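Counting in the UniProt record's numbering, the sequence shown runs from 1 upward without gaps. Yeah, the Cβ is synthetic: ideal placement off N, Cα and C, and Gly gets one too. Computed from a predicted model, the values in this text were never measured in an experiment. Report on the structure given below.
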Amino acid sequence: MLTQPQIQSLFERLHARYHVPEGERRPHVKEEVEHFRALVACLLSAQSRDSNTAKAKTALFQLADTPESILALPDAEIAAAIKPCGLYNAKTRNLRRLAAAVRDRGGEIPRTRKGLMELPGIGRKCADIVLRFSFGQEAIAVDTHVHRVCNRLGLAHGKTEEQTAQQLDACAPGWAKRDGHIWLITFAKQICTARAPKCPICPLSDLCAAYQAGQMTRG
1 MLTQPQIQSL FERLHARYHV PEGERRPHVK EEVEHFRALV ACLLSAQSRD SNTAKAKTAL
61 FQLADTPESI LALPDAEIAA AIKPCGLYNA KTRNLRRLAA AVRDRGGEIP RTRKGLMELP
121 GIGRKCADIV LRFSFGQEAI AVDTHVHRVC NRLGLAHGKT EEQTAQQLDA CAPGWAKRDG
181 HIWLITFAKQ ICTARAPKCP ICPLSDLCAA YQAGQMTRG
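This is the structure in C-alpha cells:
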C-alpha cells in the first residue's frame, strides 16, 4: 500500500492532469425524476459497455422514466427496450422491483449510501454514482476500471470492487473524493488500460506499486 504522502501526491497529480472546472461541467438537474433516471441507468450498466447502456436507457426512457410509468409497462416491452445492455430479463425484474420501492417511498430517493443500497438492485457502485452525480456529495465510485488502477497503483488491495471501494474511501484525502472518480476513470481509460498500459508515459509510474515491483511494462 502507498503511504499517505504518496497518496496525497498521486491525487494532486491526477487533479492537475484531469480536473475540469465546475463551470464547464453539465449542470446537475435536481428534479426527482432525474435522480430516478440515474438509478435506472446505473442498474442497466451492470456488465454492459457504456455504448450499450446508452442505447438501452435511451430506448427505455422514450417509453417510461418514472416509477409509475415503468410499472405500467409489460415485462416484454421493458425487456425489448433494454435488450442492448444484456441480462435484460434479470434487469427487467430488478427495474420493476426498484420502481415499486421508489413508488412506495412517494418517489423520494434516499440521499445516503446506506439508504440507496437498501433499494432493490442498487449496490455500492451505483449508490456512490448517484450520491456524486445526482446529489453532489463526496463519493468515489469504484467500477472495473477504478478497481484495476487502484490495485495496480497500491491505493487498495481489494479482491472485489466493494473491498476496493472501502479501502479507497479510507485512504483518499477528503478534497479528492468529490472528483476522484472522474480522474481515476479517465486515467484508467487513457493510460492505465487493462491491456498494454502506457507505463512509459504514465505520470504516476514512480508511485505505482505494480510498476516499481517490475510487474508492468518498462519499455
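Of the residues the options, which one's Cα is nearest the Cα of residue i?
| i | options | result |
| --- | --- | --- |
| Phe135 | Arg111, Cys126, Val142, Arg152 | Arg111 |
| Ala188 | Asp143, Trp175, Pro84, Asp104 | Asp143 |
| Gln167 | Ala156, Phe11, Lys91 | Ala156 |
| Pro120 | Arg17, Ser205, Val40, Glu162 | Val40 |
| Ile70 | Gly86, Cys85, Arg103, Ala196 | Arg103 |
| Thr66 | Ala56, Leu44, Ala100 | Ala100 |
| Met165 | Ser9, Gly115, Glu118, Ile129 | One detail in the question is off: residue 165 reads as Ala in this sequence, not Met. If we check each option's Cα against that of Ala165, Ile129 comes out closest. |
| Gly174 | Thr53, Gln137, Leu43 | Gln137 |
| Ala54 | Cys85, Pro203, Ala80 | Cys85 |
| His147 | Arg105, Asp206, Ala194 | Ala194 |
| Asp75 | Gln62, Phe61, Leu87, Arg93 | Arg93 |
Name the two residues that bound the continuous alpha helix (DSSP H) containing residue i.
| i | result |
| --- | --- |
| Glu178 | The residue you asked about is not Glu; residue 178 is Arg in the sequence shown. Run containing Arg178: none; DSSP gives neither H nor E here. |
| Met117 | 113-117 |
| Pro5 | 4-18 |
| Lys55 | 50-63 |
| Ala90 | 88-104 |
| Leu75 | Looking at the sequence shown, residue 75 is not Leu but Asp. First-last of the alpha helix (DSSP H) with Asp75: 75-82. |
| Ala127 | 124-133 |
Rounded to the nearest angstrom, what separates residue i and residue j at their Cα positions?
| i | j | result |
| --- | --- | --- |
| Glu34 | His181 | 20 Å |
| Glu108 | Ala209 | 43 Å |
| Gln212 | Pro200 | 12 Å |
| Thr3 | Gln190 | 25 Å |
| Asp179 | Leu131 | 12 Å |
| Ile82 | Ala59 | 7 Å |
| Ile140 | Glu68 | 31 Å |
| Lys125 | Gly214 | 31 Å |
| Cys192 | Gly154 | 13 Å |
| residue 265 | Ala176 | With the chain covering only 1 through 219, there is no way to say anything about residue 265. |
| Arg161 | Leu14 | With the sequence shown as reference, residue 161 is identified as Glu, and Arg is not the correct amino acid for it. Roughly 21 Å between the two C-alpha positions. |
| Leu95 | Ala64 | 12 Å |
| Ile185 | Leu98 | 27 Å |
| His19 | Ala72 | 42 Å |
| Met216 | Glu12 | 23 Å |
| Glu24 | Asn151 | Unreliable positioning characterises Glu24 in this predicted model, as indicated by a pLDDT of 48, which lies under 50. A coordinate reading is not provided. |
| Gln163 | Gln8 | 21 Å |
| Pro203 | Leu10 | 9 Å |
| Arg26 | Ala38 | Interpretation of Arg26 is limited by its pLDDT of 48, a score under 50 that renders its predicted location unreliable; no figure is taken from the coordinates. |
| Ser51 | Ile122 | 21 Å |
Going by other Cβ atoms of all chains shown within 10 Å of its Cβ, with 16 needed for buried, is residue i buried or exposed?
| i | result |
| --- | --- |
| Trp183 | buried |
| Ser48 | buried |
| Asn89 | exposed |
| Ala196 | exposed |
| Ser45 | buried |
| Ala16 | exposed |
| Met1 | exposed |
| Ala172 | buried |
| Ser205 | buried |
Is the Cβ of residue i closer than 8 Å to any Cβ of chain C?
| i | result |
| --- | --- |
| Leu73 | The structure shown contains no chain C; it holds only a single protein chain. |
Could you give the DSSP three-state label for residue i: helix, strand or coil?
| i | result |
| --- | --- |
| His157 | coil |
| Asp169 | helix |
| Leu204 | coil |
| Gln190 | helix |
| Pro110 | coil |
| Ser45 | helix |
| Glu138 | coil |
| His28 | Per-residue confidence for His28 stands at a pLDDT of 43, beneath the threshold of 50, marking its modelled position as unreliable; the derived number appears in the next sentence. His28: coil per DSSP, three-state reduction. |
| Pro197 | coil |
Taking only heavy atoms of the ligand COA into account, decide whether any of them is closer than 7 Å to the Cβ of residue i.
| i | result |
| --- | --- |
| Ile109 | Ligands are entirely absent from the displayed structure, and the ligand COA is therefore not among its contents. |
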